[in-house]
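As structure tokens, the structure follows; a few thoughts come after it.
Residue numbers (mature numbering (1 follows the signal peptide of the UniProt record, and there is no 0)): -18 to -1, 1 to 66.
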């Protein structure tokens, strides 16, 4: 399960980074996005995506994510008084 979530997050990170890259006009090599799409469309990629979706539906995982989000908000809150 952790591998599928890690794979899914890696794909999302790679897509966000790839969208900011410029392409060479003379390059015939497939781009990073093309490679990711090919990997995601493969049988292994489809299984990983499905497992990631199932894991995200798990109530325990949703609680963990909510907890991490609330910690993140507390760190970013400029009105928070230090030491409280």
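In this text, a Cβ means the ideal position worked out from N, Cα and C, and glycines have one as well.
It should be emphasised that the depicted structure is a prediction, and the values quoted were computed from it without experimental measurement.
May I have the straight-line CA-CA distance separating residue -15 from residue 42, to the nearest angstrom? In the chain shown, counting from the first residue as 1, residue -15 sits at position 4. In the chain shown, counting from the first residue as 1, residue 42 sits at position 60. Cα to Cα, residue -15 sits roughly 17 Å from residue 42.
Do residue 22 and residue -2 have their C-beta atoms closer together than 8 Å? Within the chain shown, the letter at position 40 stands for residue 22. Within the chain shown, the letter at position 17 stands for residue -2. The answer is no: Cβ separation not under 8 Å.
Is the separation between the beta-carbon of residue -6 and that of residue 31 shorter than 8 Å? Counting from 1 along the chain shown, the entry for residue -6 is found at position 13. Counting from 1 along the chain shown, the entry for residue 31 is found at position 49. No.
Excluding the 5 residues preceding and the 5 following residue 20 in the sequence, name in chain order all residues of the same chain whose CB lies nearer than 8 Å to its CB. For the purposes of this step, residue 20 is taken as the residue at position 38 of the chain shown. Hits under 8 Å: 12.
Can you give me the Cβ contacts of residue 33 inside the same chain, cut-off strictly under 6 Å, excluding the 5 residues immediately before and after it? In the chain shown, residue 33 corresponds to position 51, counting from 1. Once the five neighbours on either side are set aside, the close Cβ partners of residue 33 are -15.
If you draw a straight line from the alpha carbon of residue 18 to that of residue 38, how long is it in whole angstroms? Locating residue 18 in the chain shown gives position 36, counting from the first residue. Locating residue 38 in the chain shown gives position 56, counting from the first residue. Those two C-alpha atoms are separated by around 21 Å.
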